[in-house]
């Protein structure tokens with residue numbers, strides 16, 4: 001199952017969310033996976049923006065303003081691959097203080 005989810009993260013063709021960081025970097029994701037694997041992340045970043053963006057039938061652009069792109073990419077990899085998340089720094093460049101944990 002882990003391999004399937006890793007492939008989904010790398011396959012940007014069928015994503016329904018585009019997560020965009022402050023520097024303009026973007027990565028695609030699947031709302032159903034984020035909601036089921038990490039409801040805390042979904043509720044904090046995606047839920048309200050998704051409700052406000054119901055006019056877009058295909059892909060919604062979700063601004064993730066307090067997480068840098070490398071941290072977001074790492075976090076998504078952990079969510080999709082079901083790997084343990086050692087830590088995640090919001091808005092910083094290290095990995096010392098985690099605010100999120102993958103939820104099984």
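In UniProt numbering, the protein residues as written are 1 to 104.
Glycine included, each C-beta is placed from N, C-alpha and C at the ideal position.
In this text, all values refer to a predicted model and were calculated from it rather than measured experimentally.
- With which residues is residue 28 paired in a DSSP beta bridge? 18.
- Query: Secondary structure at residue 65, three-state DSSP: helix, strand or coil?
  - Reply: Reduced to three states, the DSSP call for residue 65 is coil.
- Element boundaries [alpha helix (DSSP H), containing residue 51]: Looking at the DSSP string, the run of the alpha helix (DSSP H) that includes residue 51 is 47 to 52.
- Message: Between 31, 63, 35, which has its C-alpha nearest residue 19's C-alpha?
- Response: Check the Cα spacing between residue 19 and each of 31, 63, 35: the tightest is with 63.
- Query: Whose C-beta lies closer than 6 Å to the C-beta of residue 50 among residues of the same chain, with five residues either side of it excluded?
  - Reply: So the list reads 60, once near-sequence residues are dropped.
- Message: Classify residue 37: buried if its beta carbon has 16 or more other beta carbons within 10 angstroms, exposed otherwise.
- Response: Looking at its Cβ environment, which holds 16 or more other Cβ atoms inside 10 Å, residue 37 is buried.
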